[in-house]
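What follows is one structure encoded as structure tokens, with my remarks underneath.
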Amino acid sequence: MAAGPSVIHRSRRRRRRQRLRRALLAAAVAGSVFALGGGWLVIRGWEARGQLISAAGLASDLSDQVLAGDTGQAHRTLAALQDQAAAAHDITTGPAWWTASRTPYAGRNITAVRAIAASVADLASQAFPALVQLKPSALLPTAGHLDLAALAAAAPALASADTVVQQVRTRLDAIPATGLVPPIRDAVHTLRTEIDRLSGLTSAGHQGTALLPALLGADQPRTYLLLLQNLAESRSTGGIFGAYAVVRADHGQLTMTNRGAGGDLQQFAEPVLPLDAGTKALYTDRIGTFPADVNLTPDFPTAAQTFREMYRRRTGVTVDGVLATDPVALSYLLRAIGPVTMPGEPTLEAGTAVRTLLSEPYQNIESDSDRHDYFASSVLAIFDTVMHRRSNPRAVLAALDQAAGERRILFWSSHAGERDALAGTELAGVLPDHETVPTVGVFLNDGSGSKLDYYLTHSATLTVGSCRADGRRQLSLRVTLGSTAPSSGLTPAVTGLALAGKPYTARIIVYLFSPVRGSLVAARLDGTPAPLGSGVQGTRQVGVISVDIPPGRSRVLDVSLLAPAVPANTAQLWLTPGVAPWTTHINPAPACAQ
Amino acid sequence: MRLTRIISALAGALAIVATPAVAHAQNEYPPPPPVLTLSSTTITAGDTVVLSGRGYGLGEQVRIDHAHRAGAAGRTSGATNRNNHAGPAMVTVAYRQPLADGHAPTPPITITADSTGAFSVRLRFTDPGVEDITASGLTSGRSASVTLTVLPRGNLPVTGSNLVKMSIGGGSLLVAGAALYLVTLMRRRRRAAGGGSELVS
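Those protein sequences? They're chains A and B, same order as listed. In this text, residue positions in the first sequence follow the working numbering: the first is 1, and each later residue adds one. In this text, residue positions in the second sequence follow the working numbering: the first is 1001, and each later residue adds one.
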């Protein structure tokens, strides 16, 4: 009996030791399996990385070849890309990757890599084949005619490609931005940027091929007012509607049926369209009576409809839509189509077109009517060249894309369905009624009756400030307006009415738009408190201030605003496009504490 | 193209013929500097603001009205209450030309423009919301308006913000619970399906 307890004790100890040994062994096995698995993942991940990098290179080659119309080469590139993408996708799928993606620390990174591989594979197998079938040359007119059948034929392929691209975009957006190792974070960022660009193209292509046949008269002939904004006399959307042309589109055949100058339409005794009290208070009756004032508002549909009605009253012609552009956009187009010659006039070239169209005519052409004739002829000459010259589609699309991005191409259609399709794009020229990121608008309007804004320079800095107790966010805006105008030697055609008192001093009426449901607080001009005129447009408070800028001088306008309580910790600007580009800077701030 | 030019010339000629003579001078088209301005376009209820006008008749009587709207800028659903005599929504604080009896009048206020047609008056607004302030020249008929945002004084009610925080907290708990449930469900499905191919997402 005496030995009993000790034996029991010993056997218990042995059993405990055995259990420990077994546990250790199990742990060792598990550990080595884990290490092996991890190592295997690293090796396979490295292979996937190589394949993804080469896929990225192929994708970039492919987009060049598609836009250059090199279909044969594009097909070969696509096949190679599909192989690489599928291989990378295969490597990153399977039980090991699935398990690894659920581990607490590495999981996020592995999930991100798998999402990248899957995205590239989807693009290669579903989106790119449709794009390779496209003939970009079909999107451009030849011999004055646009092939609507080719456009319509491209529509289904572009629609399905767009669907896939939007799905991929959603999947990439779902990858969390935090907790990724730098190389993977960079890869996600690069791919997101590329997909944003691609989705812009496919959605534009999708919308374009769906809309263009009807817009270009596939069903019934259409007429449009084509307006050239004169940036030398600024208005909120760019400049006064100077030269205009009426373009008729019939089954893809475009012809210009009339041309003239906005001023020819003359002043109206009463606003041509009813003005609500808010519009009248901000812009006065002028916005409805003078062709030169319809775009005092930055809302392009209002400006377009008013001008269209003025044209109808004078000519009896009701157009189906209004397209506005400016000489800077034309200079981008000239870069793509090459110089345009005009008999007896200087050649229009990309580098000099803005000066040729906005400055020289006021120095060299004496009568107003000769000058208007010159503007109209220039528009006609460029239009003719676009219609007849064979140009590089990629260059033309890039020029149009840049111009549209800078809001230098604005379009309004009298057909509600077409307006809906373009809603929210830069072409629509509509300040949004709902916004996730507060938008501050700075719109410039010449108040001196001159063409001095050719010499205007501008910059804007928007700083997101502290949070108020009520959740509203302070914003501070600094706008610097300068004039590079000479102090002598300009003709009366440039100095015009000289309403600023001194002929070489530019007067800018600045409209400052608060964010949606935000408000404008106060302004200082060159450091001195400056009272503001004020009104409301939509759900934005609008401030008005007149700023005189002597030649060679600049003025600094500081504005304080309030944004409503929204989660965004940044803000954005909406500006009047001018002759000189804006220098802009946005300073975001940390999110407000809850 | 020749046809185009002929048509365009014709249309141009027609346009000129069809244009009626308009009495207004063409040089009135550029937008003018604002007629009526505020020293500040957003204030806190109870604070004052300076309203300035220009371009009225010399020594003209100018009537100042205000219409109050509840809520933020642009929200037109709120009731409009023009010339609110019932409450002290708008009170004059100071004139450039003090009244003979030295008392601040109640709205609508009528004041006298100076020898250049300008005036300046300090006003106090007590009700949060949006104020559309109009200044009308009683002789010239000239009228202009400005919009003022009046924010509530002090912070939002404490109960309100706590309620918001509580609902956010409760909401995130709910979301987390739902996510957990979904994950379990997915795993169970995957296990039930068994095959390796199901693991490929």
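Backbone N, C-alpha and C define an ideal beta-carbon position, used for all residues, glycine too.
Contiguous beta strand (DSSP E) elements confined to the segment 416-467 of chain A occur at 439-446, 456-467, taking only those with 3 or more residues. Taking 8 Å as the CB threshold, Pro1033/B lines the interface with chain A. A residue is called buried when at least 16 other Cβ atoms come within 10 angstroms of its Cβ; His585/A does not meet this threshold and is exposed. Within the DSSP bridge table, the entry for Met1090/B names Phe1125/B as partners. Cβ neighbours of Pro298/A within its own chain (closer than 8 Å, five residues either side excluded): Ser236, Thr237, Gly429, Leu431, Gly441, Phe443, Tyr511, Phe513, Trp574, Thr576.
Within chain A, the residues placing a beta-carbon under 7 Å from that of Leu1038/B are Pro531, Leu532, Ser534, ordered along the chain. By the C-beta density criterion, Ser483/A is buried, having at least 16 other C-beta atoms within 10 angstroms.
Contact annotation: Lys135/A and Gly205/A have beta-carbon atoms that are not nearer than 8 Å. Secondary-structure assignment with DSSP links Asn258/A through a beta bridge to Val246/A. Contact between Gly262/A and Gly288/A is ruled out by a C-beta separation of about 14 Å, above the 8 Å threshold. If only complete runs of 4 or more residues are kept, the segment 330-383 of chain A shows the alpha helix (DSSP H) at 353-358, 360-364, in order along the chain. When beta bridges are read from the DSSP output, Arg1063/B appears opposite Thr1110/B, Ser1136/B. At least one CB atom of chain B sits nearer than 8 Å to the CB of Leu499/A. Excluding five sequence positions before and after Thr347/A, the CB atoms of its chain that fall closer than 6 Å to its own CB belong to Pro339, Thr341, given in chain order. DSSP places Asn587/A outside any alpha helix (DSSP H); the residue lies instead in the beta strand (DSSP E), whose first and last residues are 583-587. Chain A places no beta carbon closer than 8 Å to that of Val1093/B, leaving this residue out of the contacts.
From the listed residues Thr1126/B, Glu1028/B, Gly1057/B, the smallest Cα separation to Ser1143/B is found for Gly1057/B. Distances from the CA of Glu345/A to each of Ala376/A, Thr318/A, Met256/A were compared; the closest alpha carbon is that of Ala376/A. When DSSP states are grouped into helix, strand and coil, Pro564/A belongs to the coil group. For Tyr283/A, the enclosing alpha helix (DSSP H) stretches over residues 277-283. For Tyr311/A, the uninterrupted alpha helix (DSSP H) segment begins and ends at 300-315. The beta-bridge partner set that DSSP reports for Ser483/A consists of Leu456/A. The segment 307-324 of chain A makes contact with the segment 213-228 of chain A: 3 or more CB pairs, one atom from each, lie closer than 8 Å. When Asp401/A, Gly501/A, Arg44/A are compared, the shortest CA-CA separation from Arg197/A is found for Asp401/A. The C-beta of Thr178/A has fewer than 16 other C-beta atoms within 10 Å across all chains shown, which makes the residue exposed. Secondary structure note for Ile1043/B: its beta strand (DSSP E) is the uninterrupted segment 1042-1044.
Gly1141/B is positioned such that its CB atom lies no closer than 8 Å to that of Glu1060/B.
Nearest C-alpha to Asn569/A among Gly533/A, Leu462/A, Leu557/A: Leu462/A. Residue environment analysis places Ala277/A among the exposed positions, since fewer than 16 neighbouring C-beta atoms fall within 10 angstroms of its C-beta. When C-beta distances to chain B are compared with 7 Å, the residues of the segment 485-512 of chain A below that value are Leu497, Leu499, Ile509, in chain order. Rounded to whole angstroms, the gap between the alpha carbons of Arg22/A and Arg13/A is 14 Å. Look at Val1146/B: its C-beta is under 8 Å from a C-beta on chain A. In the pairwise beta carbon analysis, the segment 497-509 of chain A is classified as not touching the segment 556-572 of chain A: fewer than three pairs are separated by under 8 Å.
Of the residues assessed, Gly533/A falls on the buried side of the cut-off, its CB having 16 or more other CB atoms within 10 angstroms. Put simply, of Gly578/A, Val544/A, Arg49/A, Val536/A the residue whose alpha carbon is nearest the alpha carbon of Val188/A is Arg49/A.
Close partners of Arg171/A in chain B (Cβ separation under 7 Å) are lacking, with about 11 Å as the shortest Cβ gap.
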